[in-house]
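For the sequence shown, numbering that gives the first Met the number 0 gives the first residue as 0, with consecutive numbering after it. Idealized CB from N, CA, C, for every residue including glycine. All figures in this text were calculated on a predicted structure; none of them were measured in a lab. Step one of this worksheet: look at the structure below.
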Amino acid sequence: MTIWDAPMRAALAEAAKAAEGGDAPIGAVILAPGASANMIASAGNRRVRDADPLAHAEMLALRAAAQTLGNWRLDDCTLVVTLEPCAMCAGAIAQARLGRLVFGAADEKAGAVASLFDVLRDPRLPHRPEVVPGVLAEDCEALLREFFQARR
């Protein structure tokens, strides 16, 4: 058990809600900076529901957190997401100056944090958040596997 298990379970709950709406089961939560680490935003994928290619869980959670804090800079906030972010989301994470990314399952097809690319740790970028991979990876992978097996 790690300190990231409880927030990852909250992200898994968001992912399950996304699946109920027909979207890929990916969920994200953002924790406030500081010792309290209260959840300030959460979202699940809404690409299908909203007919929006940008409605990834991470993007929606980043937007909600910025609105909650009244600032586009999410310094020292932590994003917890069930699947390794894609290139679009990794870029948004860097632009938001997020302090930490915690993710569950690796994404061998589109992952841009460790699998295909390493956008967030590229030394050419001015901001590189801490990355914590593999939190509750089996649970995250199982949810995705079950979702896509049911659609085949």
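Query                                                                                                                                                          : Result
For Gly43, which residues of its own chain have a beta-carbon under 6 Å away from its beta-carbon, when the five flanking residues on both sides are left out? : Glu13, Ala14, Lys16, Ala17, Gly26 and Ala56
CA-CA distance, Leu72 and Cys88?                                                                                                                               : Reading the sequence as shown, one finds Arg at residue 72 and not Leu. Each residue's alpha carbon lies about 15 Å from the other.
Tell me where the beta strand (DSSP E) around Thr67 begins and ends.                                                                                           : That residue, Thr67, is in no beta strand (DSSP E); its alpha helix (DSSP H) goes Ala56 to Leu68.
Indicate the three-state DSSP secondary structure (helix, strand or coil) for Ala42 in the structure shown.                                                    : strand
From Gly103 to Val28, what does the alpha carbon distance come to, in whole angstroms?                                                                         : 12 Å
Taking Asn135 as the reference, give the member of Arg120, Ala63, Glu83 and Met38 with the closest Cα.                                                         : As written in the sequence, residue 135 is Leu, which differs from the Asn given in the question. Answer by Cα proximity: Glu83.
Spatial neighbours of Cys139 within its chain, please: C-beta separation below 6 Å, excluding the five flanking residues on both sides.                        : Thr81, Gly103 and Ala104
Measuring only the C-alpha atoms, how far is Ala60 from Arg151?                                                                                                : 29 Å
Reducing DSSP to helix, strand and coil, say where Val47 ends up.                                                                                              : helix
Could you tell me which of Ala23, Cys76 and Glu145 sits nearest to Ala95, measuring between CA atoms?                                                          : Cys76
Where does Ala64 land, buried or exposed, given buried means 16+ other C-beta within 10 angstroms?                                                             : buried
Let me know the secondary structure DSSP gives Phe147 once reduced to three states.                                                                            : helix
Report all residues from its chain with a CB closer than 7 Å to the CB of Ala109; omit the five preceding and five following residues, and keep chain order.   : Cys85 and Leu115
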